[in-house]
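Numbering (the numbering used here), first residue to last: 1 to 103.
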């Protein structure tokens with residue numbers, strides 16, 4: 001019997017989660033504060049995030065968690081172009097901490 005069909009896929013790395021979510025965050029941020037989003041985008045491209053930008057990303061991913069376990073009676077389902085799980089939020093926070101940010 002071949003167990004490969006029953007082996008779960010490896011979870012994405014923190015880096016992969018961040019790379020998936022940052023473009024969505026920047027696009028959403030640009031609709032609300034184009035200047036901040038532009039600065040954050042430049043920082044991202046340069047491979048460094050300021051403390052302020054890191055905090056914005058941490059706050060955004062926390063607010064965007066869509067797998068909350070709430071039902072319709074407990075609260076609204078957060079909308080957005082991607083699903084953000086609690087594991088995604090944890091991965092982003094862990095990635096930020098690994099890059100020297102206090103989140």
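All C-beta atoms, glycine included, are put in the ideal place defined by N, C-alpha and C.
Segment contact: the region 88-95 against the region 15-25, three or more CB-CB distances shorter than 8 Å; contact assigned. For residue 66, no alpha helix (DSSP H) run applies, since DSSP gives it neither H nor E. When the alpha-carbon of residue 24 is set against those of 61, 50 and 52, the nearest one is in 61. A Cβ-Cβ separation of about 7 Å places residue 56 in contact with residue 40 under the 8 Å criterion.
Under the three-state reduction of DSSP, residue 102 is assigned to coil, being neither helix nor strand.
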